[in-house]
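This report concerns only the one structure given below.
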Amino acid sequence: RIWRFEPLSPELTEVRDIFCFMCFSGLKLSRIYQLKSSNIYPGYISLQGNGKFQSFNLPLNERAYGIIGQYIDKEGQGGNCFPYYRHPDFNRHLKQLGKNAGIIRFVNVSFYSGTEKGLRQVPKYEVLSSKVAINTFLYNGLKLGISAEVLSFLTDRKTLASIDRIRPILEHAAYEDIRKFDNLQADE
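When you line the sequence shown up against my numbering, it's residues 266 to 453, in that order.
In structure tokens form, the structure reads like this:
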């Protein structure tokens, strides 16, 4: 719903675009804010790596590239592609966006009070956060048949012990697997 929702304010439009870019690219919010126009190429982005990998290329599907393409030449604060929002502000705007988009189905949320554990029901928009975008990317990727190793590479997770040794192989496989997102139906 957020993907197709047209917010009335510029801030909510930017938050929608950032959130959807995260859902389609697998990048976390801190990585999003590091992107500059010089990192963006047709079909991929070039990122600074961790450890012995100085940089690596991360493929983009058409939806992710379509979103970031709107921001390439609109460099904002610090020359970054996307406008910057502090994490709490981003999540607050995202919750408002979810509410405005009608994401009101109730979900169960666990809570702890002292030694007692319980469940309470809240509207789904209240649990929206930047982390939901990465979980959405992982869920859809697995649903589309993308391997856990490639998803681990795309989300820059270290869940596999040998990820650094196979990073070059995964980069190649990621270019093929990321295209599976282009076949995701609009209502999914």
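For each residue, glycine too, the CB sits at the ideal point set by N, CA and C. Since the model is a prediction, treat every value here as computed from it, not as a measurement.
task: Can you tell me the Cβ-Cβ gap for Asp324 and Tyr440, rounded? I've got them flagged as a contact below 8 Å.
output: Numbered from 1 along the sequence shown, position 59 holds the residue referred to as residue 324. Numbered from 1 along the sequence shown, position 175 holds the residue referred to as residue 440. Checking the sequence shown, residue 324 turns out to be Pro, not Asp. With a contact defined as Cβ atoms closer than 8 Å, Pro324 and Tyr440 qualify at about 4 Å.
inquiry  = I'd like to confirm the pairing. Which residues does DSSP put opposite Ser320 in its beta bridges?
reply    = As a working mapping, residue 320 is identified with position 55 in the sequence shown. Answer is Gln313.
### Task
Give a yes or no on whether the C-beta atoms belonging to Ala366 and Arg266 are separated by under 7 Å.
Here residue 366 is taken as the residue at index 101 of the sequence shown, counted from 1. Here residue 266 is taken as the residue at index 1 of the sequence shown, counted from 1. Taking 7 Å as the Cβ cut-off, Ala366 and Arg266 qualify as a contacting pair.
query = If we ignore side chains and look at the alpha-carbon of each, how far apart do Phe347 and Leu407 end up?
reply = Here residue 347 is taken as the residue at index 82 of the sequence shown, counted from 1. Here residue 407 is taken as the residue at index 142 of the sequence shown, counted from 1. Between Phe347 and Leu407, the C-alpha separation is close to 27 Å.
8 Å CB neighbourhood of Ile332 in its chain, flanking five on each side removed: Reading the sequence shown from its first residue, position 67 is the one you call residue 332. Excluding positions up to five away in sequence, the list reads Asp282, Cys285, Phe286 and Phe289.
Practice item. Jot down the residue ranges of each uninterrupted alpha helix (DSSP H) in the region 323-392, minimum 4 residues, whole runs only, in chain order. Key: For the region 323-392, whole alpha helix (DSSP H) runs of length 4 or above, ordered along the chain, are 327-334 and 352-365.
Q: Alpha carbon to alpha carbon, how far is Asn373 from Asp442? Give it in angstroms, no decimals.
A: Taking the first residue of the sequence shown as 1, we reach residue 442 at position 177. Taking the first residue of the sequence shown as 1, we reach residue 373 at position 108. Taking the straight line joining both Cα atoms gives about 33 Å.
- In its own chain, which residues sit with a C-beta less than 7 Å from the C-beta of Tyr390, not counting the 5 before and 5 after it? Here residue 390 refers to the residue found at position 125 when the sequence shown is read from its first residue. Lys360, Gly363, Lys364, Ile368 and Ile369, listed in sequence order.
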